[in-house]
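Student: For what it's worth, my numbering labels the leading residue of the sequence shown as 43, then goes sequentially. For each residue, glycine too, the CB sits at the ideal point set by N, CA and C. Let me give you the structure first, and then I'll get to my questions.
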Amino acid sequence: MSEWTPTTCMRCAVGCGHLQQGVDSGYGLDTVRGDATHPVNQGLACQRGVNETADPNGEWLTRPLVREGGELVATGWDTALDAVVSGFDEALAQTRDGIAVLGSGQQTNEAAYALGKVARGGFGTRYYDANTTLCMASAVTAYYQAFGSDAPPPTYEDIPKADTHLVWGANPAVAHPVMYRWIVDSASDADSELIVVDPVESETVDDADCHVQLDPGTDLAFARAVLASLVESDALDRSFIESTTTGFESMVASLPSVETAADDAGVSPATVEHVADAFADPTLVYWGMGVNQSVQGTKTARALIDLCLATGNLGPGSGPFSLTGQANSMGTRVCSSKGTWPGHREFTDPDHRKVVAETWDVPVDRLPDDPGPGPVGIVDAIADQEVAACWAVATNPVAGMPDADRVREALAETFLVVQDTFRTETVEVADVVLPAATWGESEGTVMNMERRVSRVRAATDVPPKIKQDLDIIATIGNRVEAKLFDHPSVDPQSVFDELRTLTAGTPADLSGITYDRLDAELAVRWPAPEPDSRGGYRYATEDGWTFPTPSGRARFSTGSHDGLAEPTDEEYPLTLTTARQSDAYNTGVRSRGDETTEFPVARIHPETTLEYIEALDRGLTVVTSRRASVTVRVQPDDGVPEGMIWLSIHHPAVNALTLPTVDPQSDEPNFKQCAVSVRAPRPESPLSYQGISSSDDTIPAGDD
């Protein structure tokens, strides 16, 4: 048996340390377990993370593929890369924005940095983003607006210090099992409380002391009701507000009455008062996709931050703590140049642009002057033929983006390069497919949601036709712009050294973190400008609070509830929402089992199923939105409000239904609520087959 190799779990953003062993012969991992010496999890590990690392269910890509005569056929690397470069050169000959690039929160910091370097410095395209914008952009925008910088102020060390744990629009019992254990342990203490705000009864609700079952899409109304209650009862930390914040009076003037906002949210004033009272104790506010994935996502996240500011819940055991889903969403934000330059350097600042251009040895005027329109805007540009080629790396937009049928059609009409480990819906419409190494096969670093950088390591070799993400990116980059990188194979440590040097002096300073230091300490939280420094609670200093805003103070907001992006009506009388389910991974790429080959399971209240009984046939119904129709299997569930349909985000057919309208401040799509109807399926032509959705009444003839 091989030696134990320490690494970081890539399943979610908790950042647990793992130990892994490769198989005795051949390729792959034999055993994975928690690492008792790791400072994040101290040996804890969820079974899902272990299983999906050691034995993922996806269909592996084993060699490059190119499309010939409408079919994907196996080829060699030279042929595949020649096709990629030829297509990219042709696109760039028209305009430097001719190539769109879609990255991922599943890449290492080194691969994310390299992809951004190629996209921004090699191509010069503004059409570059990552799937992290689909889940975290609203929280990120809210942090910048409130504090002047990205990332949650609290750390995991604050969880046991909190008395009130307020989980809002999230299900950490499923999404973050190890972190959730810490939350439940703390909430079980005497005089502690777990409050969950969610329209649906989730696994997290099972442990809650209080479940606020508000109406779908009214999170902002409820948050504003709680703020109004705090102001009305003067349950405020006036000293903190006066010394540390700005905009409080404007926020108060913008508040509705408690009764009006409570009515908008479908809750009682007594419920509002209970949640407001809970802020008297040290409170951590956790939120997830139920808040972010909305046209009001940024405003709602700001309102949750306002609750903390108004009550002085900023400091040990308290604060706003957004929950990140993908393992390296934080690293993508810090390293990849998608929304800021590395280190959170301001994108449009001429001094920062000059530093980046000099580091990359490219003309400064090649760097785009804005970060681009976001993933939905990129698909719009592809559909409008403003973009001639697209490169998708470790992401599955055909299943993971809203209005997915339109995404599929747009990508099928462009020159599409897909770089991935498993066969996905996006692979099926690609012109070139590049097979990449995955967990347990790759070297580099990642960042968890509390800003700790840690190593990922290979415990097994890769099959001969597979290449590292970093090497593929560097090879393509050098073919388009000579000398962007050292000649591949590229050393991940040298890439990290370039990255950390570029972050020196920035808000996300990694310059004091080296591979040697990570070997010794396993995980280090940024900012870490010195070899022995590490980040703690953000913005807290020995002299008080310092925020990177013009005033040096944290800022209140004045956002108000505007209603649903797509309200119900007579034609579409039901509300669809999507959420996570246990033991599934993103769009199913690592957990390809029955959940992707069978009809999606729809949780619907029993009274709603009775009201629409004529739309059911042997447990099936057809859910139809203004964009598509999908056949689902009905599961009566009184934990879902009447008039709502709940579907898993992990099934690749589901996003054919969802709404591509985006938050105007963050560009994050409104995945969570859209208007739908139901009708009986036609047995001879179901509308969903093996995870492929259709907006008409025919079964797709094939995967292509």
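Which residues in the same chain have their Cβ closer than 8 Å to the Cβ of Gly-164, if we skip the five residues on either side of it in sequence?
Tutor: Same-chain partners within the cutoff: Val-404, Gly-519, Val-522, Glu-523 and Leu-526.
Student: So Leu-750 and His-207 are supposed to be a Cβ contact under 8 Å. How far apart are they, rounded?
Tutor: With the chain covering 43 to 746 only, the question about residue 750 has no answer from this structure.
Student: State the start and end residues of the unbroken alpha helix (DSSP H) segment that holds Tyr-186.
Tutor: Unbroken alpha helix (DSSP H) run through Tyr-186: 175-189.
Student: Suppose the cutoff is 6 Å on Cβ atoms and the five residues either side in sequence are ignored; what does the same chain contact list for Arg-645 look like?
Tutor: Excluding positions up to five away in sequence, the list reads Gln-677, Asp-679, Val-682 and Trp-688.
Student: Is Ala-670 helix, strand or coil by DSSP?
Tutor: Three-state result, Ala-670: coil.
Student: Please state if the CB of Asn-151 and the CB of Gly-373 are separated by a distance shorter than 8 Å.
Tutor: Yes, the Cβ-Cβ distance between Gly-373 and Asn-151 is below 8 Å.
Student: Give me the Cα-Cα distance between Pro-417 and Met-221, rounded to the nearest whole angstrom.
Tutor: Distance between the alpha carbons of Pro-417 and Met-221: 29 Å.
Student: Applying the 10 Å Cβ sphere with the 16-neighbour rule, what's the burial state of Gly-744?
Tutor: Note that Gly-744 scores a pLDDT of 31, beneath 50, so its modelled location is shaky; the value from the coordinates is reported in the next line. Exposed: under 16 other Cβ atoms inside 10 Å.
Student: Could you tell me the alpha carbon to alpha carbon distance between Ala-722 and Thr-620, rounded to whole angstroms?
Tutor: Approximately 21 Å between the Cα atoms of the pair.
Student: Have a look at Ser-296 and Leu-61 and give me their C-alpha separation to the nearest angstrom.
Tutor: If you take the alpha carbons of Ser-296 and Leu-61, they lie about 52 Å apart.
Student: With H, G and I counted as helix, E and B as strand and the rest as coil, what does DSSP make of Cys-377?
Tutor: Looking at Cys-377 - three-state DSSP - the assignment turns out to be helix.
Student: For Asp-659, which beta-bridge partners are listed by DSSP?
Tutor: Answer is Leu-662, bridged to Asp-659.
Student: What are the start and end residues of the alpha helix (DSSP H) that includes Ser-292?
Tutor: Segment 290-296, the alpha helix (DSSP H) holding Ser-292.
Student: Is the segment 595-610 in contact with the segment 92-107, if contact means three or more CB pairs nearer than 8 Å?
Tutor: The segment 595-610 is not in contact with the segment 92-107.
Student: Excluding sequence positions up to five away, which residues of its chain have a Cβ less than 8 Å from the Cβ of Asp-249?
Tutor: These residues qualify, in order along the chain: Ala-215, Val-226, Ala-229 and Leu-236.
Student: So, at 6 Å on beta carbons, what are the nonlocal neighbours of Arg-634 in its own chain, with the 5 sequence-adjacent residues on each side left out?
Tutor: If we look at Arg-634 and ignore the five residues flanking it on each side, its Cβ neighbours are Asn-99 and Gly-100.
Student: Would you mind sorting Pro-410 into buried or exposed? The rule is 16 or more other CB atoms within 10 Å of its CB.
Tutor: Classification for Pro-410: buried.
Student: Would the beta-carbon of Ser-371 fall within 8 Å of that of Ala-698?
Tutor: Not a contact, by the Cβ cut-off of 8 Å.
Student: Out of Gln-715, Gln-427 and Ser-719, state which residue places its alpha-carbon closest to the alpha-carbon of Gly-211.
Tutor: Selected option, being the one with the closest Cα: Gln-715.
Student: Given that a residue counts as buried once 16 or more other Cβ atoms are within 10 Å of its Cβ, and exposed if not, what is Lys-507?
Tutor: Label assigned to Lys-507: exposed.
Student: Evaluate Val-495 with the Cβ neighbour count: other Cβ atoms within 10 Å of its Cβ, from every protein chain shown; 16 or more gives buried, anything less gives exposed.
Tutor: By the 10 Å Cβ count, Val-495 comes out buried.
Student: Quick check on DSSP: helix, strand or coil for Ile-687?
Tutor: In this structure, Ile-687 counts as strand in the three-state DSSP scheme.
Student: Please report the distance separating the alpha-carbon of Phe-589 from that of Arg-567.
Tutor: Their Cα atoms are separated by approximately 18 Å.
Student: Taking only three categories from DSSP, how would you classify Glu-747?
Tutor: Since the displayed the chain opens at 43 and closes at 746, residue 747 lies outside it and no answer follows.
Student: Going by the CB atoms, is the gap between Ala-204 and Val-474 shorter than 8 Å?
Tutor: Result no, Cβ atoms of Val-474 and Ala-204 do not sit closer than 8 Å.
Student: Check for me: the beta strand (DSSP E) holding Pro-258 runs from which residue to which?
Tutor: Element bounds for Pro-258: n/a, residue is neither H nor E.
Student: Buried or exposed, going by whether 16 or more other CB atoms sit within 10 Å of the CB of Ala-232?
Tutor: Flag for Ala-232 reads exposed.
Student: Pick helix, strand or coil for Ser-496, following the three-state DSSP scheme.
Tutor: The answer is strand: DSSP assigns Ser-496 an E or B state.
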